[in-house]
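Here's the structure, in structure tokens; my notes come after.
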Amino acid sequence: MKEHIKCLIIGSGPAGYTAAIYAARANMNPVLYTGEQPGGQLTTTTEVENYPGYPEGITGPDMMEDFRKQAERFGTEVRYELINKVDFSGPIHKVWTDAGKEIHADTVIISTGASAKWLGLPREAQMAREGKGVSACAVCDGFFYRGKEVVVIGGGDTAAEEATYLSKLVKKVHLLVRRDEMRASKIMQERVFRASNLEVHWNTEATEILGEEFVEGVRIKNSETGEEKTLPAQGFFVAIGHKPNTDVFKGWLDMDEAGYIKTIPGTTRTNIEGVFASGDAQDNVYRQAVTAAGTGCMAALDAERYLAAKEVEEMADAN
Ligand code: NDP
């Protein structure tokens, strides 16, 4: 059972759906596979207030519903399935769904996103999903904690950036670093140390999130002294890194050490002709819905131009 598709889009976040809107309007008959989290990371956030065009804000799940409807309105076929194997060795790109179906695609747009890493504490992921004070994105959610006290976990650039960003909004930031030094760049560390309302707790890990309805405090433990105590906090920000959802493409596409797909600068082209990457799967710097949507648009335009150039070549060969 094989199927031929002109434009296959993998992933259903802002990048995937934006690629679908543009590809559908260019008569590329896109088929979009949602992956295991239809709507992507935004479905795990509550209010989105920084996406242009929504002056009153919108919830993440509602926004992604709007993206889907807009993509379907122009003829995108949305399939609630996973792609779990690819073969990019030939001019026709082969992919397989988890149900074992083989698809041959002229162009593939990868928009599989990235997933925030969590500590794995009890109720952590659930409280994040339900918007109860746990978050992995200070830029998205920091605004809701104005005047409050928050805990940030991590010692890398993301944690340093999120902690300093939050320090400008909240009353106090507690940054928990599990070792006696931070991995973050020196300049980012200096910003952390300069913020007067930001306290770094070295050799410290969070052991429990307190609070029934909403985060009320965080139990912490010093790994050197064994001392345990409770920090009062209404927000719990985990900033221990993201993992791009690109494992299935390993061995085919050029990636950096962390697994982010490398694209040719200024384009969404990968090292394989006809395969394009957009959104967080290829971006570890900006990671915003609006930037993901922007690169989704670029991927559809790149795919359209690739197909047009191929048609011209084929016509020339035929003559
Ligand atoms: P990193 O992998 O660089 O850092 C992760 C941090 O989280 C480390 O300090 C690590 O501790 C800590 N950590 C990991 N697991 C746990 C755990 N279970 N409990 C407590 N702490 C934990 O990820 P980042 O997201 O910070 O950065 C990823 C990449 O993106 C880097 O290359 C970074 O430079 C880049 N980046 C650049 C920015 C910029 O230039 N503006 C902004 C953000 C990111 P440990 O050190 O002990 O391993």
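Residue numbers for the sequence shown follow the working numbering, so the first one is 3 and each next one is one higher. Glycine is no exception: its CB is placed at the ideal position from the N, C-alpha and C atoms.
Assignment of P32 by DSSP, reduced to helix, strand and coil, places it in the coil class. Counting every other CB atom within 10 Å of its CB across the protein chains shown gives E163 a total of 16 or more, marking it as buried. Per DSSP, A118 lies in no alpha helix (DSSP H) segment; the continuous beta strand (DSSP E) that holds it begins and ends at A116 to A118. R181 and M257 have their C-alpha atoms roughly 29 Å apart. Here the stretch 286–302 makes contact with the stretch 19–33; the two share three or more CB pairs at distances below 8 Å.
T209 places its beta carbon 8 Å or farther from that of V179.
If the five residues before and after R125 are omitted, its C-beta is found closer than 7 Å to the C-beta atoms of I211, all from its own chain and listed in chain order. Comparing alpha-carbon positions, the option among Q72, G77, M3 and L255 lying closest to V277 turns out to be L255.
By alpha-carbon distance to Q284, the top candidate from F239, L84, P246 and F251 is P246. Under a 10 Å Cβ-count criterion, G102 is classified as exposed, with fewer than 16 other Cβ atoms of the shown protein chains found around its own Cβ. Note on D249: under 16 other CB atoms within 10 angstroms of its CB, so exposed under the neighbour-count rule.
Residue range G62 to R75 is occupied by the alpha helix (DSSP H) that includes R70. Beta-bridge partners assigned by DSSP to F239: S137 and V154.
Contact between M66 and L44 holds, with the beta-carbon distance rounding to 5 Å and staying under 8 Å. DSSP places T160 within a helical segment (H, G or I) once states are collapsed to three. Restricted to the stretch 174–241, the beta strand (DSSP E) segments that are unbroken, complete and at least 3 residues in length are 174–178, 200–203, 206–212, 219–224, 230–234 and 237–240, listed in chain order. DSSP, reduced to helix, strand and coil, places M3 outside both helices and strands of the structure shown, so it counts as coil. In this structure, the ligand NDP has a non-hydrogen atom nearer than 7 Å to the beta-carbon of G156. When secondary structure is reduced to three states using DSSP, V97 falls in the strand class. Assigned with DSSP and collapsed to three states, A26 falls in helix. If you check the CB distance, V240 and A118 come in under 8 Å. Of the residues L10, K231 and V152, the one whose Cα lies closest to the Cα of I94 is L10.
Excluding five sequence positions before and after V50, the CB atoms of its chain that fall closer than 8 Å to its own CB belong to L44, Y56, G59, I60, T61, G62, M65, C142 and A291, given in chain order. When secondary structure is reduced to three states using DSSP, R131 falls in the helix class. For the options K264, S225 and G13, the alpha carbon positioned closest to that of T99 is the one of G13. Note that the C-beta distance between G281 and G37 is not below 8 Å.
Taking C-beta atoms as the reference points, F251 and I263 count as a pair closer than 8 Å. Straight-line spacing of the CA atoms in R196 and T270 works out to 38 Å. Excluding its 5 nearest sequence neighbours in each direction, R81 has C-beta neighbours in its own chain below 6 Å: Y35, listed in chain order. Here L171 has G144 and R148 as same chain residues with Cβ atoms under 6 Å from its own Cβ, once five neighbours each way along the sequence are excluded. Where K103 is concerned, there is no enclosing alpha helix (DSSP H), because DSSP gives it neither an H nor an E.
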